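Protein chains in written order, with UniProt numbering: chain A, 1 to 193; chain B, 1 to 193; chain C, 1 to 193; chain D, 1 to 193. Glycine included, every Cβ here is placed at the ideal spot set by N, Cα and C. It should be emphasised that the depicted structure is a prediction, and the values quoted were computed from it without experimental measurement.
Protein chains: 4
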Amino acid sequence: MSTGSSHKPGRRGDTRQRIQDITLELIAEQGYEKTSLREIAERLGVTKAALYYHFKTKEDILVSLFQDLTAPIDELIEWAAEQPHTMATKQEILTRYGTAMVDAAPLFRFMQENQATVRELSIGNNVKDRATKLVDFLLPEDASLADRVRCFSALISMHAGMFMLKETEGDPEEKRRAILEVATELVTRAHEH
Amino acid sequence: MSTGSSHKPGRRGDTRQRIQDITLELIAEQGYEKTSLREIAERLGVTKAALYYHFKTKEDILVSLFQDLTAPIDELIEWAAEQPHTMATKQEILTRYGTAMVDAAPLFRFMQENQATVRELSIGNNVKDRATKLVDFLLPEDASLADRVRCFSALISMHAGMFMLKETEGDPEEKRRAILEVATELVTRAHEH
Amino acid sequence: MSTGSSHKPGRRGDTRQRIQDITLELIAEQGYEKTSLREIAERLGVTKAALYYHFKTKEDILVSLFQDLTAPIDELIEWAAEQPHTMATKQEILTRYGTAMVDAAPLFRFMQENQATVRELSIGNNVKDRATKLVDFLLPEDASLADRVRCFSALISMHAGMFMLKETEGDPEEKRRAILEVATELVTRAHEH
Amino acid sequence: MSTGSSHKPGRRGDTRQRIQDITLELIAEQGYEKTSLREIAERLGVTKAALYYHFKTKEDILVSLFQDLTAPIDELIEWAAEQPHTMATKQEILTRYGTAMVDAAPLFRFMQENQATVRELSIGNNVKDRATKLVDFLLPEDASLADRVRCFSALISMHAGMFMLKETEGDPEEKRRAILEVATELVTRAHEH
DNA sequence: TATGAATGAGAGTTCATTCAT
DNA sequence: AATGAATGAACTCTCATTCAT
Numbered sequence: 001m002s003t004g005s006s007h008k009p010g011r012r013g014d015t016r017q018r019i020q021d022i023t024l025e026l027i028a029e030q031g032y033e034k035t036s037l038r039e040i041a042e043r044l045g046v047t048k049a050a051l052y053y054h055f056k057t058k059e060d061i062l063v064s065l066f067q068d069l070t071a072p073i074d075e076l077i078e079w080a081a082e083q084p085h086t087m088a089t090k091q092e093i094l095t096r097y098g099t100a101m102v103d104a105a106p107l108f109r110f111m112q113e114n115q116a117t118v119r120e121l122s123i124g125n126n127v128k129d130r131a132t133k134l135v136d137f138l139l140p141e142d143a144s145l146a147d148r149v150r151c152f153s154a155l156i157s158m159h160a161g162m163f164m165l166k167e168t169e170g171d172p173e174e175k176r177r178a179i180l181e182v183a184t185e186l187v188t189r190a191h192e193h
Numbered sequence: 001m002s003t004g005s006s007h008k009p010g011r012r013g014d015t016r017q018r019i020q021d022i023t024l025e026l027i028a029e030q031g032y033e034k035t036s037l038r039e040i041a042e043r044l045g046v047t048k049a050a051l052y053y054h055f056k057t058k059e060d061i062l063v064s065l066f067q068d069l070t071a072p073i074d075e076l077i078e079w080a081a082e083q084p085h086t087m088a089t090k091q092e093i094l095t096r097y098g099t100a101m102v103d104a105a106p107l108f109r110f111m112q113e114n115q116a117t118v119r120e121l122s123i124g125n126n127v128k129d130r131a132t133k134l135v136d137f138l139l140p141e142d143a144s145l146a147d148r149v150r151c152f153s154a155l156i157s158m159h160a161g162m163f164m165l166k167e168t169e170g171d172p173e174e175k176r177r178a179i180l181e182v183a184t185e186l187v188t189r190a191h192e193h
Numbered sequence: 001m002s003t004g005s006s007h008k009p010g011r012r013g014d015t016r017q018r019i020q021d022i023t024l025e026l027i028a029e030q031g032y033e034k035t036s037l038r039e040i041a042e043r044l045g046v047t048k049a050a051l052y053y054h055f056k057t058k059e060d061i062l063v064s065l066f067q068d069l070t071a072p073i074d075e076l077i078e079w080a081a082e083q084p085h086t087m088a089t090k091q092e093i094l095t096r097y098g099t100a101m102v103d104a105a106p107l108f109r110f111m112q113e114n115q116a117t118v119r120e121l122s123i124g125n126n127v128k129d130r131a132t133k134l135v136d137f138l139l140p141e142d143a144s145l146a147d148r149v150r151c152f153s154a155l156i157s158m159h160a161g162m163f164m165l166k167e168t169e170g171d172p173e174e175k176r177r178a179i180l181e182v183a184t185e186l187v188t189r190a191h192e193h
Numbered sequence: 001m002s003t004g005s006s007h008k009p010g011r012r013g014d015t016r017q018r019i020q021d022i023t024l025e026l027i028a029e030q031g032y033e034k035t036s037l038r039e040i041a042e043r044l045g046v047t048k049a050a051l052y053y054h055f056k057t058k059e060d061i062l063v064s065l066f067q068d069l070t071a072p073i074d075e076l077i078e079w080a081a082e083q084p085h086t087m088a089t090k091q092e093i094l095t096r097y098g099t100a101m102v103d104a105a106p107l108f109r110f111m112q113e114n115q116a117t118v119r120e121l122s123i124g125n126n127v128k129d130r131a132t133k134l135v136d137f138l139l140p141e142d143a144s145l146a147d148r149v150r151c152f153s154a155l156i157s158m159h160a161g162m163f164m165l166k167e168t169e170g171d172p173e174e175k176r177r178a179i180l181e182v183a184t185e186l187v188t189r190a191h192e193h
């Protein structure tokens with residue numbers, strides 16, 4: 001992605017994008033608090049003040065990342081709302097969700113590993129709302145408490161699996177399929193009364 | 001047998017203990033970075049400098065909490081190493097693990113919500129090691145990739161479930177049972193080839 | 001005949017004027033230091049850089065306001081210099097001064113409330129000079145120290161009165177007359193040896 | 001005042017006092033906004049952080065100065081409240097007020113020259129309250145609008161006189177007497193119906 | 001007649017940590 | 001067993017100003 005090499009003159013007018021890219025990279029690695037604006041600016045080869053030309057606050061950079069990168073999740077939710085509550089739909093929800101996560105992997109890794117931070121930030125509610133909605137789509141009509149746990153676990157396992165199985169041996173694509181399989185299994189189980 | 005630094009309670013010197021208690025309370029609520037020594041000291045009614053009489057650094061407080069509160073997990077691992085690899089054993093591992101988590105709930109909540117921080121701290125490896133060992137105990141002998149995911153999910157779901165189902169309605173004890181049920185189910189599934 | 005820098009209104013280029021208006025409004029409310037160019041630009045709906053097309057520096061905006069709004073005071077001084085030193089003249093000086101103040105109320109309020117700032121700025125000397133000259137016009141020939149104080153008080157009271165009696169009840173016009181009355185009284189007293 | 005010379009080891013435990021002294025000196029000269037904590041710290045030979053050991057914020061330093069230095073004014077108000085409303089009392093109010101101002105001259109100079117700043121700060125209301133109370137003590141019972149202006153002018157003239165007549169020639173003590181004379185005259189006039 | 005993009009300097013504030021007492 | 005006093009480094013953020021377009 002990006003031209004990859006020379007940084008001084010580089011692109012024209014893509015600074016905003018580059019701020020987002022580098023910020024995402026850094027907070028996924030180090031967390032939000034430990035990533036300073038100085039560090040972001042240094043990596044970009046600009047001044048801290050330049051960041052403030054493009055974003056109003058530090059948190060605003062993160063918010064913009066969320067808005068840009070979680071749009072697919074919102075679309076997924078919108079789509080799901082119009083579908084019949086069949087297992088096929090639920091299966092597709094999981095699949096799509098997996099794809100969205102892989103596409104925005106660093107952001108999801110950040111969310112997974114910095115839940116305390118996310119909770120305190122302005123995006124916290126959004127995140128929780130979406131999770132609740134998604135679980136609701138997966139639930140059977142007469143869900144028992146255990147069924148709720150199953151569907152919740154399905155989502156959680158996808159999140160955690162994506163980022164904590166990195167050090168396990170095996171082809172990533174294969175691992176992804178295995179995770180999806182288990183998640184689907186959990187949702188299916190929830191429907192077998 | 002004391003761990004070298006001569007700091008066992010010593011009867012009537014419970015400040016050390018109180019530092020740990022308040023620190024745990026605060027980091028579970030706010031995270032590690034956002035909890036300052038000033039805040040801890042203020043809540044205790046002592047000076048920041050007093051903290052340094054009892055602990056070498058801020059991180060040291062956290063480390064001591066880990067050592068004190070995760071001992072049951074280590075014992076569980078030791079115990080498990082001597083048991084036969086039967087489903088009954090595995091079932092008991094999950095049960096005991098659940099109990100240990102509830103007993104040290106704030107610490108586990110902290111670990112769940114601040115994975116990035118934990119990873120960077122000196123305790124990070126410990127945590128990962130223990131998780132790996134526990135998953136290994138749960139695995140069947142001829143585990144497929146999906147089986148690994150199942151056993152991993154079992155543990156993860158227990159963690160996440162304990163702290164994210166707080167706002168779901170229902171009796172806590174009942175919820176705990178449901179979580180355990182699903183976790184057991186996942187491990188069982190892993191053995192049904 | 002334009003003053004060199006080509007910046008007379010020129011019909012349909014009222015931005016310069018609007019910058020002055022908004023700046024005056026803001027510094028009268030908040031003071032000079034606490035009014036930023038960003039704020040001025042935002043209120044105008046232009047960029048900060050646009051301000052620099054019309055004025056060389058922040059201070060320059062203030063200077064221009066002074067030059068435009070205190071012209072009547074200069075004219076008053078010129079006029080007074082040609083009048084006989086009678087009480088009637090002095091009475092009229094006070095009256096006219098009051099009118100000038102009301103006409104440029106925000107600027108005078110700013111001067112009253114930000115004396116430290118005005119003193120440090122390039123306009124500081126102007127202000128002091130004018131005050132001295134005006135007091136001199138009001139003084140009797142054989143003025144005692146107390147007489148100087150009386151005439152000085154007359155002017156000061158007009159300034160302070162105009163802006164600090166705002167929260168007192170009563171018709172503004174009436175208050176103005178009362179202030180003028182007291183000022184005149186002070187000058188008269190100074191002449192009663 | 002103070003030992004005057006060597007600054008490095010100097011006093012023990014008087015840092016708080018020295019912060020107040022230097023801050024007062026600087027804000028009287030330059031104003032509040034233009035006086036930075038860096039400057040204060042440098043003059044003291046300590047770090048900015050040291051200031052924060054003694055005061056919670058920049059504004060807090062100013063507040064502490066107010067509390068310490070305007071106590072005599074509060075006492076004056078308390079005293080006045082118990083006196084009969086005679087001209088002798090009023091005369092003494094003015095005299096005492098003048099003394100209090102001279103004793104805390106730099107602070108009063110700051111207040112006189114930075115009214116906009118004072119107004120916005122937490123001390124603003126205090127200042128206004130006190131002024132109102134003092135004027136009320138000076139007023140005759142059946143005060144006309146002009147009488148209010150006279151008493152108000154009396155106070156204002158004392159303030160302004162003290163700091164703006166600095167460059168006029170003459171013995172300071174003599175000037176002070178002249179100012180008091182005019183102020184008394186104004187209050188007297190207010191009672192001559 | 002303006003804007004977009006940036007800078008350098010500096011602001012106030014907070015932090016973990018130290019050390020003599 | 002603890003305090004008082006301080007430090008150095010870092011933080012987020014704002015400012016007036018510049019300049020190519």
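Contact with chain B is found for A:A178, since one of that chain's Cβ atoms lies less than 7 Å from the residue's Cβ.
Using a Cβ-Cβ cut-off of 7 Å, C:A146 counts as an interface residue toward chain D, since at least one Cβ of chain D sits closer than that to its own.
Nearest C-alpha to A:I22 among A:T99, A:A41, A:E59, A:I156: A:A41.
Taking 7 Å as the cut-off, the beta carbon of D:D147 is found no closer than this to the beta carbon of D:A88. Of all residues in the stretch 159-185 of chain A, the ones placed with a Cβ closer than 8 Å to any Cβ belonging to chain B are A160, G161, M164, L165, T168, G170, E174, K175, A178, I179, E181, V182, E185, in chain order.
For B:S122, the three-state secondary structure derived from DSSP is coil.
By the rule that beta-carbons nearer than 7 Å mark a contact, A:I22 does not touch chain B. If only uninterrupted beta strand (DSSP E) runs of at least 3 residues are considered, none is enclosed by the stretch 143-174 of chain A. One finds G31, E113, N114, Q115, A116, T117 in chain D with Cβ atoms closer than 9 Å to the Cβ of C:N114, taken in chain order. The alpha-carbon separation between A:T15 and D:Q30 amounts to approximately 40 Å. Chain A places no beta carbon closer than 7 Å to that of B:I93, leaving this residue out of the contacts. Distance from the CA of C:V46 to the CA of C:T168, rounded to the nearest whole angstrom, comes to 38 Å.
Counting only Cβ-Cβ distances below 7 Å, A:F137 has no contacts in chain B at all, with the closest Cβ about 16 Å away. For the C-beta of C:S157, the chain D residues within less than 8 Å are, from N- to C-terminus, V149, F152, S153, I156, S157.
A direct Cα-to-Cα measurement between C:G124 and D:A80 gives close to 39 Å. Of the other Cβ atoms in all chains shown, fewer than 16 fall within 10 Å of the Cβ of D:S36; this residue is therefore exposed. For C:V63, the enclosing alpha helix (DSSP H) starts and ends at 58-69.
Where D:V102 is concerned, the enclosing alpha helix (DSSP H) starts and stops at 87-103. The Cβ atoms of C:V127 and C:C151 lie no closer than 7 Å to each other. Shortest Cα-Cα distance from C:R130 to any of C:V182, C:A178, C:I19, C:T70 involves C:T70. Close partners of A:K90 in chain B (Cβ separation under 9 Å) are lacking, with about 17 Å as the shortest Cβ gap.
Here C:D136 carries a helix assignment [DSSP, helix/strand/coil]. In this structure, the beta-carbon distance from A:M111 to A:M162 does not fall below 7 Å. Taking B:K133 as the centre and dropping the five residues before and after it, the same chain places the C-beta of I77 closer than 7 Å to its C-beta, in chain order. For the UniProt domain "HTH tetR-type" (13-73) of chain B, residues whose beta-carbon sits nearer than 8 Å to a beta-carbon of chain A comprise Q30, G31, E33, K34. In the DSSP annotation of this structure, the continuous segment of the alpha helix (DSSP H) that includes C:Q30 starts and ends at 15-30. When the alpha-carbon of B:I73 is set against those of B:F55, B:A104, B:R43, B:I61, the nearest one is in B:A104.
Leaving aside the five residues that flank D:E33 on each side, the residues in its chain whose CB is nearer than 8 Å to its CB run, in chain order, T117. Taking all protein chains shown into account, B:K175 has 16 or more neighbouring C-beta atoms within 10 Å of its C-beta and is therefore buried. By the C-beta density criterion, A:E185 is buried, having at least 16 other C-beta atoms within 10 angstroms.
Taking 7 Å as the cut-off, the Cβ atoms of A:L51 and A:L24 do not count as close. For A:T117, the three-state secondary structure derived from DSSP is helix.
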